[in-house]
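Colleague: Encoded as structure tokens, here's the structure I'll be asking about.
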Amino acid sequence: MILYTPLSEHDIFPEDQSKYSNLELISVNGVSVQATRLKNGSYRIVQVLSTNPQDFMKSDLAPGTIIS
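Shown next, in the form of structure tokens:
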């Protein structure tokens, strides 16, 4: 089977499901990202999920960025 996806193989076939239980898929300015919810209700971006290379250059989508 061949999967054409921007996701890594570890995201599709995780070794330990508990590592991914706190990740949520959200949209930031029309771009899908994986993020973790913080205690104050904000999100911290973990990974950009896009097929557009320009999305990875946007500073507001950089991993570690806090979204309120």
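Note that the working numbering has the sequence shown beginning at 205, numbered continuously upward.
Backbone N, C-alpha and C define an ideal beta-carbon position, used for all residues, glycine too.
Owing to the predicted nature of the structure, the values given are computational and were not obtained by experimental measurement.
1. Measuring only the C-alpha atoms, how far is Val250 from Pro267?
2. Compute the distance between the beta-carbons of Val232 and Asp259, then report whether it is under 7 Å.
3. Our contact map puts Asn226 next to Thr240 with C-beta atoms below 8 Å; I'd like the distance itself, whole angstroms only.
4. Is the beta carbon of Ser246 sitting closer than 7 Å to the one on Ser272?
5. May I ask which residues mark the beginning and end of the beta strand (DSSP E) holding Glu228?
Modeller: The structure says:
1. 5 Å
2. no
3. 5 Å
4. Taking 7 Å as the Cβ cut-off, Ser246 and Ser272 qualify as a contacting pair.
5. 227-232
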